[in-house]
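Each residue of the sequence shown is one higher than the last, beginning at 3 in the numbering used here.
For glycine and all other residues, C-beta sits at the position ideal for the given N, C-alpha and C.
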Amino acid sequence: MSAPGAGWRAGWGMALRVAWRDVRRHKARSALVLALIALPVLLVSSGAIVVMTADVRGAERIGRELGDVAQAQIWSEGTEQVLQLPDPREGVNFVGGDGSSRKLPGATELAALLGDDRPVQQLLSSSSTVLLPDGAPSLVDVREGEWSDPLLAGLVEVVDGRLPGAPDEVVVTEELLAAGFDIGSAFPVSGVEPAPSVVGVVRDATDVNNTIAYGPPGSLLAADAPERDQWWGTTWLVGGDPVTWDEVLELNDEKFVVFSRAVVTDPPPDSEVPYKEDEGMYSSSAEQVEYMAVVAMIITMVLLEVVLLAGPAFAVMARHHTRTLALVAASGGTPRQARRVILAAGVVLGFVATLAGLVLSVPVAAAVMPWAQGLMWERFGPFDVPWLVLLVVGAFGLASALLAAVVPAWLTSRQDVVAALAGRRSDGAPKLQVPVIGVLVLGLGVTGAVIGAQRQQDLGPVLMSASAVVTMIGMILVVPALVGLVARSARRLPLPMRYATRDAARHRTRTVPAIAAVAATVAGVVALGISVASDELENQETYMPMTALGTGLVTFDTELMEPGDEPPWDEIESAATTALPSAEVVRVRGAEEVYGHQSNSYWMIRNDRGRDLHLLESYGSSFGSSILVQDAPSDMTLSAAEREEIAAVLATGKAVVLGNREPRRAFEEVILVHRQWEGGEDRVVDRVTMPAEVVRVAGSPWAQVIVPTSLESRFADGAVKPIGLAVTSQLDAADERTLAGAVRDVSARAHLQVERGFQRDADVVVLIWVLGVVGALLMLAGTLTATFLSLADAKPDLATVSAVGGSPRTRRSVAASYALMIASVGAVLGALVGFVPGLALSRSMTVTDYGFAPTGPYLDVPWVLIGSLVVALPLFSAAVVWLFSRSRLPMVARID
3 MSAPGAGWRA
13 GWGMALRVAW
23 RDVRRHKARS
33 ALVLALIALP
43 VLLVSSGAIV
53 VMTADVRGAE
63 RIGRELGDVA
73 QAQIWSEGTE
83 QVLQLPDPRE
93 GVNFVGGDGS
103 SRKLPGATEL
113 AALLGDDRPV
123 QQLLSSSSTV
133 LLPDGAPSLV
143 DVREGEWSDP
153 LLAGLVEVVD
163 GRLPGAPDEV
173 VVTEELLAAG
183 FDIGSAFPVS
193 GVEPAPSVVG
203 VVRDATDVNN
213 TIAYGPPGSL
223 LAADAPERDQ
233 WWGTTWLVGG
243 DPVTWDEVLE
253 LNDEKFVVFS
263 RAVVTDPPPD
273 SEVPYKEDEG
283 MYSSSAEQVE
293 YMAVVAMIIT
303 MVLLEVVLLA
313 GPAFAVMARH
323 HTRTLALVAA
333 SGGTPRQARR
343 VILAAGVVLG
353 FVATLAGLVL
363 SVPVAAAVMP
373 WAQGLMWERF
383 GPFDVPWLVL
393 LVVGAFGLAS
403 ALLAAVVPAW
413 LTSRQDVVAA
423 LAGRRSDGAP
433 KLQVPVIGVL
443 VLGLGVTGAV
453 IGAQRQQDLG
463 PVLMSASAVV
473 TMIGMILVVP
483 ALVGLVARSA
493 RRLPLPMRYA
503 TRDAARHRTR
513 TVPAIAAVAA
523 TVAGVVALGI
533 SVASDELENQ
543 ETYMPMTALG
553 TGLVTFDTEL
563 MEPGDEPPWD
573 EIESAATTAL
583 PSAEVVRVRG
593 AEEVYGHQSN
603 SYWMIRNDRG
613 RDLHLLESYG
623 SSFGSSILVQ
633 DAPSDMTLSA
643 AEREEIAAVL
653 ATGKAVVLGN
663 REPRRAFEEV
673 ILVHRQWEGG
683 EDRVVDRVTM
693 PAEVVRVAGS
703 PWAQVIVPTS
713 LESRFADGAV
723 KPIGLAVTSQ
733 LDAADERTLA
743 GAVRDVSARA
753 HLQVERGFQR
763 DADVVVLIWV
773 LGVVGALLML
783 AGTLTATFLS
793 LADAKPDLAT
803 VSAVGGSPRT
813 RRSVAASYAL
823 MIASVGAVLG
833 ALVGFVPGLA
843 LSRSMTVTDY
853 GFAPTGPYLD
863 VPWVLIGSLV
873 VALPLFSAAV
883 VWLFSRSRLP
893 MVARID
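As C-alpha cells, this is what we get:
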C-alpha cells in the first residue's frame, strides 16, 4: 500500500518542482510572465485599498459629523415622511405627503421634540459671494454657528490663530489663504456690513481642498438669505444623553433625519428598521441586475486580457519543454503528466505574481494616497486594507495564470512525439470548424449588441454587456484563421515580412493570444471612444443657449419667499446700471409661474377649440414663465428677422404664438389657461382669450407666447409682473464680475448668468486621452511581449538564416516584421469589432424619447484616436523592436 500523499508527490509534486526549476533557469521569461500577471493584481488591489480608504461610513463618520461631544445631528429635507437606515448617509427614503416645505423649529421646540432638556446648537451651511483681495468676486462655502459652543468642537481644527468669538470675526480654510486672505485681513461678504475680520485658519473635518469660511450667525450670510430659518442648509447638533433608535424613529415621524452616535455605533436589528421593510419599493431589481452584469463584464474582460497577454509566454515555455515531454511520452508517460508540467508552471508563476502584486499593493496605495486625496473633496478615512477583496483579486490573478497555461498545456499533451523528437516545431493544421464557430459566435455577439441597444429598458444593458463578452470570444476563435490568411497572402512581401507572417502562422499558440490581446484592447478602446465622443456630440447638439452669446440674464430665487413678498427689481436694475453704465438692461415682464413645494402655478396654451398647443419642440424658460408681456421682443435667442416679424404682429394688437412646427389647424384666437395645483387638487384660476398669430422661429425661445401690453388688462390683477432682467449688450469677464457683484449686493437671491456657449467638458478630453494612453500601453505590452518571445523561440531558425548568408540587418527586419504583423492585424481586427459595441453604446446613450420630441441618435467617431491605434502604434512598435533587438546570434544547431 502506498503512503498517503505518495500519488500527489509523484504527480503534482514533481511537476511543481520541475516548474520551479524552469522558472529559476529562465529568469527573463519568468520575469515577463510575473509582470504581466502581477501588474493587474497590483493595480486592482491598490485601487481597492484607495477606494475603501476614501469610503468613509458608519463609525468612521462620527467624528467628522458630530465632533467631540455631540450625540446626534438632525436635519430635514422638507418632505412629509422619512424612512432612514441607522446610518442615514447610507440610505434615506422620503415618501408620502405632498412634499411641502416648512420652516424648522427653534432650539426650544426641537428640545421639546427630543423629550428632555438636551442642549442644541444650529449649524447653517450655504454659500456667499466674497470679494477676493485681487478685487474679483468669488462664491465661497460658508458655515454659520456658535463655534465657541462645545457642541461644535471637533468639526474644525485650528491651524493658526483662534476661533471666532464675535459677530464680526470669521476663520477660513488654508485654501482661502492661497487666494490672498490672511489673519487680520477683512473678509468682504456680499450683503454683510461691516465686513468681518479673519482671526484664524482652520482645517475642516470633512471637506478638503475647498474654500470655506466659518463664523457666528450673521457674519457670513445676508439678513435676507433664503436659507436663514429654512429647512434648506440647516442642521442641529444635539448634546446630552445618547439619542436612541426609538427616538430616531419618533423624529422620523416628525419628518427629520437623524445621525445618532449611539445608533451608528450599535445599530438595531433589521427587523426594527422600517426602511428595510419598504426597501423593495424604492430599489429596482432590474437596475441591480444591470449593475451586476456590467461588473461581471468588466471582470471577464480584464481576465481575458491578462490571459491573452500571458498566453504567449506559456506557449514559449511549452515549446521549450517539447523535446523533454516527447521523451516522457515515448517512455510511457501519459498526456495528463505532460499537461501537469505546463499547468504547474502556471500555478508557480501565478502564485508568485499574485503574492508579489498583493504585497506591493499596500505600499503603492500608501504612496498614491496623497495624490488621490487631492482629487477628492471629502477627507479620506483611516488607511483601510480590505483583505477579503484582496484575496478575491489574488484568486483572479492565480486563475488568469492557470487559464493562460491551459491551451499550451493541452496542445503540448497532444503533440506528435515523432515530430517533436525530430525537431519539427510547428503547430498542427487549424481545424475548419474553429473559425466557423468563431464567425457564428461573433455574429451572435453583434446581434445581441444591436438588440440591446434598441431596448434601453427590459435589461437592454445586460444584453449589451453579455454581447460584448460573446463578441470578444468569437473574435479570439477567428484569429487563427485570420493569421493563416495573412500568411498565405504574404508571398509577394519582402523576405523579413514573409518570414514573420509564415512563422507566426506555424506557431499559432504564441501568436494568436498576442493578436487577440491587441484586438481586445483596441476593440474596448474604440467602443468606449465612440460612445464617449457620441455622448459629447449629443450634449453639444442639444445644448440650448439661454440667450445670445456674451449677453446675460438676471433672475431671482423666489422659491423660499414668504407669500406677498416681491423681488426688489427696481433696486437690482438701478444697481446694475450704476455699476456698469455701458450695459443695456431691459426689464422682462410676464405671466408668473411658480413651481414650489406647497403649490404649482402654471399656464396652458390652447387654440380656439380648447386643444393644447405644442408648437415648440423645446423652449428655454429662463425666467420661469411661458408667457411674456412686451411690445418689442427682448428674447436674444431670436434672430433679428424673427424679432422684427414678432414686433410687427404685436403692433397689430395680436398675441404671438411661437412655433417651429405647424399647427394641426389654423386658428385666430389663443386661450391661456392658468391652473394651480395645491394640496393634491388641480383647479383653473384664470382663463384669458385673445387674438393670436403663429410666428415660426428656430431654436429654443424664452417662452411660448408673447402678449402685447395692449392686451395685458385681460389678465387678472397681479398675474403679470416683472420676472427678470435681460442684459442685451456684450459682457466680457470683467463686466460679468462687476455686474454679478452689484446684483448680489442688493440681494443674495439675485443671480447673473452670462451665456458663453457650449463648453466642452474637460473630463471628456481627459477620458479620451486616458483611453488612448491605456490602449497604447496594453498594445505595446502585448506586441513587444509576443515579439521578443517569438524571437527567443526562433533563435535556431534565425541562426540558420545567418549561417546561409543572412545579414545582421535581416534579423532586425524580421523582429520588426513580427511586431508590425502582430500589432497591425490585432489593431485592424479590434477596430472592426469595436465599432459594433461602439455604435450600439452610442445609440443607447444618445437616443432620447419622452414621447414629445425624440432626439438622436448621435454618432461621433474619434478618428484621431482610432488612427493612432491602427496605424501609428503598429509602426511605433516595429520601430521599438528594430532599435532594441540584437543583430547577431551565436551559431547553433537546428535540433537542440
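From the options, residue whose alpha carbon lies closest to that of residue i
{"i": "Pro569", "options": "Ala577, Thr560 and Ser576", "result": "Thr560"}
{"i": "Lys723", "options": "Phe558, Ser870 and Val873", "result": "Phe558"}
{"i": "Ala650", "options": "Ala694, Leu310 and Val480", "result": "Ala694"}
{"i": "Gln124", "options": "Gly163, Ile76 and Pro166", "result": "Ile76"}
{"i": "Val863", "options": "Leu479, Ile532 and Arg512", "result": "Ile532"}
{"i": "Gly217", "options": "Thr208, Val194 and Asn211", "result": "Val194"}
{"i": "Leu68", "options": "Ser127, Gly241, Asp24 and Thr449", "result": "Gly241"}
{"i": "Leu362", "options": "Gly49, Ala207, Arg611 and Ala401", "result": "Gly49"}
{"i": "Arg666", "options": "Ala451, Ile648, Val631 and Arg608", "result": "Arg608"}
{"i": "Ala735", "options": "Ala778, Glu757, Ser870 and Ala653", "result": "Glu757"}
{"i": "Val448", "options": "Asp799, Ala507, Met16 and Met474", "result": "Met474"}
{"i": "Pro244", "options": "Ala403, Ala805 and Val266", "result": "Val266"}
{"i": "Phe669", "options": "Leu640, Arg613, Tyr621 and His28", "result": "Arg613"}
{"i": "Ala880", "options": "Pro270, Glu92, Arg59 and Ile824", "result": "Ile824"}
{"i": "Thr872", "options": "Leu841, Trp238, Ala818 and Leu782", "result": "Going by the sequence as given, residue 872 is Val instead of Thr. Of the listed residues, the one whose Cα sits closest to Val872 is Leu782."}
{"i": "Trp379", "options": "Asn211, Leu41 and Trp389", "result": "Asn211"}
{"i": "Leu530", "options": "Ser467, Leu484, Val122 and Arg66", "result": "Ser467"}
{"i": "Thr698", "options": "Ala718, Glu664 and Thr730", "result": "This sequence places Arg at residue 698; Thr is not what is there. If we check each option's Cα against that of Arg698, Glu664 comes out closest."}
{"i": "Ser712", "options": "Thr802, Ser150, Pro547 and Gly655", "result": "Gly655"}
Reduced DSSP category for residue i - H, G, I as helix; E, B as strand; rest coil
{"i": "Thr544", "result": "coil"}
{"i": "Tyr277", "result": "helix"}
{"i": "Asn211", "result": "coil"}
{"i": "Ser702", "result": "coil"}
{"i": "Arg120", "result": "coil"}
{"i": "Trp884", "result": "helix"}
{"i": "Lys723", "result": "strand"}
{"i": "Arg104", "result": "Caution applies to Arg104, whose pLDDT of 49 falls short of 50 and renders its modelled position unreliable; the value that the coordinates give is listed next. It is coil, neither helix nor strand."}
{"i": "Ile185", "result": "coil"}
{"i": "Ser870", "result": "helix"}
{"i": "Gln456", "result": "helix"}
{"i": "Ala72", "result": "coil"}
{"i": "Arg689", "result": "strand"}
{"i": "Asp684", "result": "strand"}
{"i": "Leu223", "result": "coil"}
{"i": "Asp143", "result": "strand"}
{"i": "Trp77", "result": "strand"}
{"i": "Tyr860", "result": "coil"}
{"i": "Asn385", "result": "It should be noted that the sequence gives Phe, not Asn, for residue 385. Reduced to three states, the DSSP call for Phe385 is coil."}
{"i": "Phe669", "result": "coil"}
{"i": "Met371", "result": "helix"}
Contact check, residue i vs residue j, beta carbons under 9 Å
{"i": "Ala215", "j": "Val260", "result": "no"}
{"i": "Thr55", "j": "Pro276", "result": "no"}
{"i": "Gln678", "j": "Val687", "result": "yes"}
{"i": "Ile185", "j": "Gly202", "result": "yes"}
{"i": "Ser819", "j": "Pro498", "result": "yes"}
{"i": "Gln86", "j": "Gly93", "result": "yes"}
{"i": "Val709", "j": "Leu630", "result": "yes"}
{"i": "Ala899", "j": "Gly440", "result": "Because the chain is modelled from 3 through 898, residue 899 falls outside the range shown and cannot be assessed."}
{"i": "Thr787", "j": "Leu38", "result": "yes"}
{"i": "Val481", "j": "Ala518", "result": "yes"}
For the region 485 to 500 and the region 830 to 845, state whether three or more C-beta atom pairs, one from each stretch, are separated by less than 8 Å.
no
Would the region 696 to 714 count as touching the region 623 to 634 if we require 3 or more Cβ pairs under 8 Å?
Contact between the region 696 to 714 and the region 623 to 634 is present, because at least three Cβ pairs lie under 8 Å.
Does the region 333 to 348 come within contact of the region 391 to 410, defined as at least 3 CB pairs closer than 8 Å?
yes
Cβ contact check for the region 58 to 72 and the region 149 to 158: 3 or more pairs under 8 Å:
yes
Touch check for the region 508 to 523 and the region 837 to 845: three-plus C-beta pairs under 8 Å?
no
Would the region 738 to 757 count as touching the region 137 to 147 if we require 3 or more Cβ pairs under 8 Å?
yes
Ordered list of alpha helix (DSSP H) runs contained in the region 557 to 642, each at least 4 residues
571 to 581
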